Structure formats: C-alpha cells, structure tokens
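Counting in my numbering, the sequence shown runs from 5 upward without gaps.
The next block holds one structure in the form of structure tokens; read it before the comments.
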Amino acid sequence: MKITEFLKHNYRHFNAAALIDAAEGYKTHLDGGGKMLVSLAGAMSTAELGISLAEMIRQDKVQIISCTGANLEEDVFNLVAHDYYERVPNYRELTPAQEQELLERHMNRVTDTCIPEMEAMRRIENVILEEWVKADQANEAYFPHEFFYKILLSGKLDASFQIDPKNSWLLEAAKKNLPIIVPGWEDSTLGNMFAGHVISGDVKKVHTVRTGIEYMMFLADWYTENATDESTVGFFQIGGGIAGDFPICVVPMLHQDLQRTNVPLWGYFCQISDSTTSYGSYSGAVPNEKITWGKLGQETPKYIVESDATIVAPLIFAIVLDQ
Numbered sequence: 005m006k007i008t009e010f011l012k013h014n015y016r017h018f019n020a021a022a023l024i025d026a027a028e029g030y031k032t033h034l035d036g037g038g039k040m041l042v043s044l045a046g047a048m049s050t051a052e053l054g055i056s057l058a059e060m061i062r063q064d065k066v067q068i069i070s071c072t073g074a075n076l077e078e079d080v081f082n083l084v085a086h087d088y089y090e091r092v093p094n095y096r097e098l099t100p101a102q103e104q105e106l107l108e109r110h111m112n113r114v115t116d117t118c119i120p121e122m123e124a125m126r127r128i129e130n131v132i133l134e135e136w137v138k139a140d141q142a143n144e145a146y147f148p149h150e151f152f153y154k155i156l157l158s159g160k161l162d163a164s165f166q167i168d169p170k171n172s173w174l175l176e177a178a179k180k181n182l183p184i185i186v187p188g189w190e191d192s193t194l195g196n197m198f199a200g201h202v203i204s205g206d207v208k209k210v211h212t213v214r215t216g217i218e219y220m221m222f223l224a225d226w227y228t229e230n231a232t233d234e235s236t237v238g239f240f241q242i243g244g245g246i247a248g249d250f251p252i253c254v255v256p257m258l259h260q261d262l263q264r265t266n267v268p269l270w271g272y273f274c275q276i277s278d279s280t281t282s283y284g285s286y287s288g289a290v291p292n293e294k295i296t297w298g299k300l301g302q303e304t305p306k307y308i309v310e311s312d313a314t315i316v317a318p319l320i321f322a323i324v325l326d327q
C-alpha cells in the first residue's frame with residue numbers, strides 16, 4: 005500500500021484529518037499554478053528532514069525557503085559529519101554531570117542527537133572562512149545561504165560527504181539556486197564564528213555577510229515578481245518563530261509601508277506546530293489572527309496541524325509527492 009493510500013484510509017479525524025486536508029490543499033495550490041514558500045524553525049535539519057525536503061525541491065514542489073541559521077548550517081553539518089553524530093535516547097534522564105561530559109567531548113546536544121563540534125562545525129568553519137575572507141578582500145558581499153552555495157557547489161566538501169547527497173536539502177537547493185531567506189542568521193553557530201572572525205580581524209568588514217534587512221528587501225522583490233492574482237504564493241510553516249514570522253510579514257510591509265495596492269495576500273497557509281494556543285505566542289497563534297495583520301485573507305485556505313513536525317512534515321510531503 006502506498007503511503008498516501010494508508011494515510012487517507014486511516015487519518016480521518018482530528019489532527020490526522022487536518023494533515024490530510026493540509027496536504028490536499030498544498031497540492032491544489034500548486035496544481036492551480038501557485039508557488040510555495042516553506043519555512044523551517046526548530047532543528048529540522050538535525051532531524052534529517054532533508055530526506056523528504058530534498059525530494060520536494062527536486063520535484064519543484066518548493067519555490068523558496070525561509071529558515072533559521074541553525075537549519076541552514078545543520079543540514080551541512082549532517083552532510084559531512086553524520087558518522088560522528090551520537091544519539092542519546094535517554095536524553096530526558098541525563099544528569100548535569102553527564103551533560104558536562106558531553107561538553108568536554110565537544111558533543112553539542114540537540115534533544116536526542118549530539119552534533120560533533122570538531123568534525124562538523126569546525127570543518128565547515130575552515131572551508132567557509134576562506135570564502136568570507138575572499139569576498140571581504142574583493143569588497144564583495146553575499147547572503148549567508150550564498151556562501152553555503154559556494155562551498156557546496158565548489159566540490160571542496162564532496163570527499164567529506166557521509167550521507168547520500170540526495171538527502172541534503174541545501175545541496176539540492178544549491179543545484180537549483182533556490183532563493184532562501186535566513187532571518188536572524190546572527191543567532192547561529194556560524195553567525196557566532198563570523199562575529200569572532202570580524203573581532204579578531206580575519207574579516208575586515210562586518211557587512212561582507214549581508215543582513216536581514218537586505219533579505220527582506222530581496223523577498224519584497226521576489227514576492228512582487230512571483231505573486232499574482234492568478235498565481236499566488238502559499239506559505240507552509242514548520243514550527244513558529246522568526247523563520248515564519250519574518251517572511252510572512254513581507255505582504256503587510258508591501259501594503260502598509262510601501263502603500264502598494266496590487267499585491268495579493270498569501271494564497272495558502274499551513275502551520276505544523278506543537279505550541280499551545282496561548283498568550284502572545286506567535287508559534288501558538290491560530291491562522292485567523294493573521295487576518296488582523298494583513299497577512300491572510302478571509303478566504304485564504306488555512307490549516308493547522310498541532311503535532312510533532314518531525315512526524316507530520318514527511319507525511320504531508322509524501323502526499324504532495326504522490327508516494
């Protein structure tokens with residue numbers, strides 16, 4: 005039995021039914037000529053969402069991505085250091101002393117998964133620092149994801165791949181030169197490293213890596229070119245936070261701050277969230293709240309699946325991919 009057949013037979017109510025509705029809405033949006041933005045919060049790359057997301061990119065089911073700096077870099081960490089990762093199934097039971105032992109071994113824990121600092125983070129730092137310095141000396145500036153595209157497409161890391169490269173969503177995105185938005189990149193391991201290299205003088209100009217404001221300006225141009233009344237852009241949000249809130253705000257920015265009147269709202273919206281609908285939380289806000297901010301309209305197809313994205317997202321992608 006195909007995955008889609010199994011899901012449609014068994015997933016009939018509650019969050020299970022919402023999953024089916026959201027997936028069918030995603031397909032309907034694309035079939036109508038629409039485009040889709042996917043936003044990645046949390047630690048989706050360390051959860052190896054690339055296994056399904058890379059295929060979505062290959063089959064043109066995603067036209068633009070917004071992600072945290074962590075998700076941008078952690079896909080590459082996993083690509084080059086997967087064999088050195090360690091899983092800690094009993095992570096809830098670790099004592100402070102055991103956590104200290106992980107620190108002393110340079111194993112940075114993300115829930116049940118430990119990322120090896122030397123094999124992953126420092127290996128990438130050494131390669132990307134060359135690109136930072138090269139751009140800095142040439143008085144050039146690039147976005148964070150563009151620096152990653154450079155090192156991935158250069159072949160410098162090929163010999164270090166420890167997973168099937170077809171399961172790296174960022175490598176697949178690089179091959180297609182997919183537009184990526186990385187709001188708050190400064191809040192990431194490589195963002196910290198870049199700050200350190202500017203402080204130490206290895207990189208002379210802090211703006212060698214382009215900023216979040218420039219990302220919003222880029223997104224404004226991209227959205228204006230790609231969103232029409234006949235072909236709107238949808239918004240598929242995994243988690244909450246800045247990866248979702250930053251790009252969705254481009255629409256009210258175009259309307260309210262630039263006073264443009266011919267900009268369509270987002271044409272589809274889905275959020276996978278395990279955040280409780282609560283007090284001031286963007287992650288827990290129901291989609292209708294976005295109507296009041298000029299992000300979605302009354303008639304925009306809206307879905308929310310309140311569950312674990314590491315479970316839900318691959319299943320939705322499987323339906324979209326007709327698996």
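Where is the CB? At the ideal position from N, CA and C, for every residue including glycine.
This structure is a prediction, so every number in the text was calculated from the model and none was measured.
>> List, from N- to C-terminal side, the alpha helix (DSSP H) runs of 4 residues or more that fit wholly inside the region 13-82.
In response: 18-35 and 54-62
>> Between the alpha carbons of valine 131 and glutamate 229, how many angstroms are there, rounded?
In response: Counted from its first residue, the sequence shown places residue 131 at position 127. Counted from its first residue, the sequence shown places residue 229 at position 225. Their Cα atoms are separated by approximately 34 Å.
> With 16 other CB atoms within 10 Å as the buried threshold, where does tyrosine 227 fall?
Replying inline: Counting from 1 along the sequence shown, the entry for residue 227 is found at position 223. Its Cβ being crowded by 16 or more others within 10 Å, tyrosine 227 is buried.
>> Which same chain residues end up closer than 7 Å to threonine 212 when comparing Cβ atoms and leaving out the 5 residues on each side of it in sequence?
In response: Residue mapping note: residue 212 aligns to position 208 of the sequence shown, counting from 1. Correct list, in chain order: Trp136, Ala139, Asp140 and Ala145.
> So glycine 188 and threonine 72 are in contact, right, with Cβ under 8 Å, and what is the actual spacing, rounded?
Replying inline: Translated into positions along the sequence shown, residue 188 becomes position 184. Translated into positions along the sequence shown, residue 72 becomes position 68. Yes, glycine 188 and threonine 72 are in contact; Cβ-Cβ is about 7 Å, under 8 Å.
>> Using only the alpha-carbon positions, how far apart do asparagine 171 and alanine 177 sit?
In response: Working through the sequence shown from its first residue, we reach residue 171 at position 167. Working through the sequence shown from its first residue, we reach residue 177 at position 173. Distance between the alpha carbons of asparagine 171 and alanine 177: 11 Å.
> Name the DSSP bridge partner or partners of arginine 113?
Replying inline: Here residue 113 corresponds to residue number 109 of the sequence shown, with the count starting at 1. Bridge partners of arginine 113: Cys118.
>> Below 8 Å, how does it come out for the region 52-72 and the region 257-270: are there three or more Cβ pairs, yes or no?
In response: no
> Does the separation of the CB atoms of phenylalanine 321 and serine 56 fall below 8 Å?
Replying inline: Here the question's residue 321 lines up with position 317 in the sequence shown. Here the question's residue 56 lines up with position 52 in the sequence shown. Yes.
> With distances taken from CA atoms, which of Ser235, Asn112 and Ile315 is nearest phenylalanine 81?
Replying inline: Along the sequence shown, read from residue 1 onward, the residue named residue 81 stands at position 77. Distance check between phenylalanine 81 and each of Ser235, Asn112 and Ile315 places Asn112 closest, using alpha-carbon atoms only.
> Between which two residues does the alpha helix (DSSP H) carrying phenylalanine 240 extend?
Replying inline: Numbered from 1 along the sequence shown, position 236 holds the residue referred to as residue 240. Note, phenylalanine 240: premise wrong, no alpha helix (DSSP H); beta strand (DSSP E) at 237-242.
> Ends of the alpha helix (DSSP H) at serine 204?
Replying inline: By one-based count along the sequence shown, residue 204 stands at place 200. Under the DSSP assignment, serine 204 falls in the alpha helix (DSSP H) whose first and last residues are 193-204.
> Helix, strand or coil for isoleucine 167 per DSSP?
Replying inline: Along the sequence shown, one-based indexing puts residue 167 at 163. In this structure, isoleucine 167 counts as coil in the three-state DSSP scheme.
> What is the rounded straight-line gap between the Cα of alanine 231 and the Cα of glutamate 190?
Replying inline: Walking along the sequence shown from the start, residue 231 turns up at place 227. Walking along the sequence shown from the start, residue 190 turns up at place 186. Taking the straight line from one Cα to the other gives about 29 Å.
> Going by other Cβ atoms of all chains shown within 10 Å of its Cβ, with 16 needed for buried, is alanine 142 buried or exposed?
Replying inline: For the purposes of this step, residue 142 is taken as the residue at position 138 of the sequence shown. By the 10 Å Cβ count, alanine 142 comes out exposed.
>> Looking at the secondary structure, which residues open and close the beta strand (DSSP E) in which glutamate 310 lies?
In response: Residue mapping note: residue 310 aligns to position 306 of the sequence shown, counting from 1. From DSSP, the beta strand (DSSP E) with glutamate 310 extends over 306-310.
> Which residues does DSSP pair with valine 213 in a beta bridge?
Replying inline: Residue numbering aside, residue 213 sits at position 209 when the sequence shown is read from its first letter. Partner(s): Tyr146.
> Considering glutamine 104, what are the terminal residues of the alpha helix (DSSP H) in which it resides?
Replying inline: Sequence index remark: in the sequence shown, residue 104 carries index 100 (1-based). 100-108 is the extent of the alpha helix (DSSP H) around glutamine 104.
> What's the C-alpha gap between threonine 215 and leucine 223?
Replying inline: Along the sequence shown, one-based indexing puts residue 215 at 211. Along the sequence shown, one-based indexing puts residue 223 at 219. Cα-Cα distance, rounded: 12 Å.
> Can you round the beta-carbon distance between valine 290 and threonine 280 to whole angstroms, since I take them to be within the 8 Å contact cut?
Replying inline: Along the sequence shown, read from residue 1 onward, the residue named residue 290 stands at position 286. Along the sequence shown, read from residue 1 onward, the residue named residue 280 stands at position 276. Incorrect: roughly 11 Å between the Cβ atoms, too far for contact.
> Excluding sequence positions up to five away, which residues of its chain have a Cβ less than 7 Å from the Cβ of alanine 336?
Replying inline: No answer is possible for residue 336: it lies beyond the span of the chain, which begins at 5 and ends at 327.
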